[in-house]
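Taking it in order: structure first as structure tokens, then the write-up.
Chains as they are written, first to last, in the numbering used here: chain A, 15 to 350; chain B, 320 to 576.
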């Protein structure tokens, strides 16, 4: 498909159009950082952001969601109230978009998670190529950026005065058609600029790490004494998994008031000492080092072996937000 | 010995565990040393050396008073703190700022030490308002909207050296007061219970604030509570190892209004 072009002005009108229907989720400034939020006014959208603190996966896996409600006396069970509105997720960076592909494999395969799938089907992912990788970025190690994300339905790449737009999926093409008045075919000059910028940005990412053969070697490292030392400064706060775009583990809880109850699920972290503790007190990961290495093995060995995809996309959130500077890149370099 | 070394990215340090004299060359001391290393003293049986900023030393004082740290098994190395930068991990735009909790610092050197190292910081770089006890921003913070942003990851609890309970009422697993799966956090339960548990104990080290991924001004909240403790009971956590902690007082020494 030939690339399209959207000017800054046309994009502002498109944003206005989508937000007036309440269908737009995009990055907004939140203090010193950025978060994805439902857009009420077009001018809130900030597409010059680098990365959000909380990944946009929360549009697919909300931090807390109701699974069903029930009546304690009659035992009647009701599904949660849900909208069927379509959502446009605008400005998703390639790493975060690629993380959707990881979640798709885990939550959307043979045993599709209905809550996840319902949201997934309603969402159109409008990817946004990186223009300014951060020091903590390493998507080059996994091929999850910096221009295209594997979860993109349609990808925007900044060029002079606007964006080069490429549809990737049928959903993306539908999106482009539905808003065709804002797009036009990209000129040769714009396509050339897109290509030269893409090369420049790719060259900016030189993490020097690679995921090749990692899953296998990582899998064999379980007994290695290096984990003991590596985990020493970890304080088990779990920030790494809360800000991770591919972490999907959850906990389930009940809330009962009077005769009506609700069952919820919400993000949980394998770094918590309670996460793997079972009824009766048995805990397969009783120590800090067990939990610490589990996180790396899960991302870089177990998920790749089970689903044929690396569960790290190199977004660097865990690297920059870890209070004690535990850096997953060091584990990767050691075992690559 | 526990100290700081350069982190994996610029403008960061991280805790480092030195086990041989040669490894001491890894140690650094600068405005990025924001973690509170007193956390690593908890549950440690062997004698250990620790680098402590003023506030970290005050945390150790409180931990000694609460029988969590044995003074005879800790060798405290106390260099003068330059004041740390606000949320080094959060990045963001604009120049680095002195952490807001450093603006109301109660002393850059640890009140207790085995080795004190007087560091003369370049006045140009030196943090401006250190020691300004009036540096509270009560009016400027809209707490209700700040708490809305809480994702209840519990990093504030996990990073706090004074949080050493093995069963925490606030982590939601006991299903009694606070549910882990209620976002935004129950108001006022989650944050206010934590604030009350910090009363008379928090040394305003800012470890919680530095760890918070969404950048909540948590140290500010606890400092408000401690301002009341100081006003009512005349007690400032960590300043004086001889002073009786409020939790041990048979009755308040001050007049309770």
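No residue lacks a Cβ here, since even glycine has one placed at the ideal position from N, Cα and C.
On the DSSP bridge list, what partners appear for residue i?
| i | result |
| --- | --- |
| residue 277 (chain A) | A:82, A:268 |
| residue 304 (chain A) | Looking at the DSSP assignment, residue 304 (chain A) forms no beta bridge with any residue, so it has no partner. |
| residue 138 (chain A) | A:102 |
| residue 325 (chain B) | B:332 |
| residue 181 (chain A) | A:168 |
| residue 40 (chain A) | A:51 |
| residue 398 (chain B) | B:436 |
| residue 346 (chain B) | B:324 |
| residue 367 (chain B) | B:393 |
| residue 175 (chain A) | DSSP, once it has assigned bridges, lists no residue as partnering residue 175 (chain A). |
| residue 404 (chain B) | B:417 |
Given a cut-off of 8 Å on the beta-carbon distance, is the pair residue i and residue j in contact?
| i | j | result |
| --- | --- | --- |
| residue 472 (chain B) | residue 532 (chain B) | yes |
| residue 525 (chain B) | residue 418 (chain B) | yes |
| residue 132 (chain A) | residue 73 (chain A) | no |
| residue 263 (chain A) | residue 284 (chain A) | yes |
| residue 45 (chain A) | residue 26 (chain A) | no |
| residue 420 (chain B) | residue 523 (chain B) | yes |
| residue 80 (chain A) | residue 276 (chain A) | yes |
| residue 315 (chain A) | residue 229 (chain A) | yes |
| residue 78 (chain A) | residue 105 (chain A) | no |
| residue 207 (chain A) | residue 174 (chain A) | yes |
| residue 375 (chain B) | residue 346 (chain B) | no |
| residue 438 (chain B) | residue 485 (chain B) | no |
| residue 155 (chain A) | residue 224 (chain A) | yes |
| residue 119 (chain A) | residue 321 (chain A) | yes |
| residue 157 (chain A) | residue 168 (chain A) | no |
| residue 396 (chain B) | residue 368 (chain B) | yes |
| residue 542 (chain B) | residue 423 (chain B) | yes |
| residue 115 (chain A) | residue 164 (chain A) | yes |
| residue 381 (chain B) | residue 520 (chain B) | yes |
| residue 257 (chain A) | residue 332 (chain A) | yes |
| residue 108 (chain A) | residue 83 (chain A) | no |
| residue 151 (chain A) | residue 330 (chain A) | yes |
| residue 311 (chain A) | residue 219 (chain A) | no |
Nearest to residue i by CA position, among the options, is which residue?
| i | options | result |
| --- | --- | --- |
| residue 212 (chain A) | A:74, A:346, A:135, A:161 | A:161 |
| residue 58 (chain A) | A:49, A:65, A:64 | A:49 |
| residue 337 (chain A) | B:422, B:388, B:333 | B:333 |
| residue 512 (chain B) | B:396, B:476, B:402, B:338 | B:476 |
| residue 38 (chain A) | A:101, A:47, A:75, A:83 | A:101 |
| residue 166 (chain A) | A:172, A:281, A:183, A:151 | A:183 |
| residue 383 (chain B) | B:403, B:361, B:510, B:344 | B:361 |
| residue 479 (chain B) | B:490, B:463, B:530, B:431 | B:530 |
| residue 227 (chain A) | A:144, A:350, A:243, A:290 | A:350 |
| residue 306 (chain A) | A:254, A:89, A:17 | A:254 |
| residue 47 (chain A) | A:269, A:335, A:232 | A:335 |
| residue 490 (chain B) | A:289, A:15, A:340 | A:289 |
| residue 539 (chain B) | B:553, B:518, B:558, B:554 | B:518 |
| residue 337 (chain B) | B:349, B:329, B:440, B:320 | B:320 |
| residue 60 (chain A) | A:345, A:41, A:159 | A:41 |
What is the DSSP secondary structure of residue i, reduced to helix, strand or coil?
| i | result |
| --- | --- |
| residue 474 (chain B) | helix |
| residue 260 (chain A) | coil |
| residue 445 (chain B) | For residue 445 (chain B), the predicted model reports a pLDDT of 49, less than 50, meaning its position is unreliable and no value from the coordinates is stated. |
| residue 49 (chain A) | strand |
| residue 488 (chain B) | helix |
| residue 483 (chain B) | coil |
| residue 21 (chain A) | strand |
| residue 337 (chain B) | coil |
| residue 7 (chain A) | Because chain A here runs from 15 to 350, residue 7 (chain A) falls outside it and cannot be looked at. |
| residue 380 (chain B) | helix |
| residue 253 (chain A) | helix |
| residue 459 (chain B) | helix |
| residue 361 (chain B) | coil |
| residue 29 (chain A) | helix |
| residue 417 (chain B) | strand |
| residue 59 (chain A) | strand |
| residue 223 (chain A) | coil |
| residue 215 (chain A) | helix |
| residue 289 (chain A) | coil |
| residue 208 (chain A) | helix |
| residue 341 (chain A) | coil |
| residue 450 (chain B) | At residue 450 (chain B), the pLDDT of 44 sits below 50, so the modelled position is not reliable; the number obtained from the coordinates is stated separately. It is coil, neither helix nor strand. |
| residue 326 (chain A) | coil |
| residue 297 (chain A) | coil |
| residue 284 (chain A) | coil |
Open item on the list: Which runs of the alpha helix (DSSP H) at least 4 residues long sit entirely within the region 75-132 of chain A? Give them in chain order.
Closed with: Listed in chain order, they are 108-121.
- [ ] Run through the region 499-544 of chain B for me and flag every whole alpha helix (DSSP H) of 4 or more residues, listed as ranges in chain order.
- [x] 508-517, 526-530, all fully within the region 499-544 of chain B.
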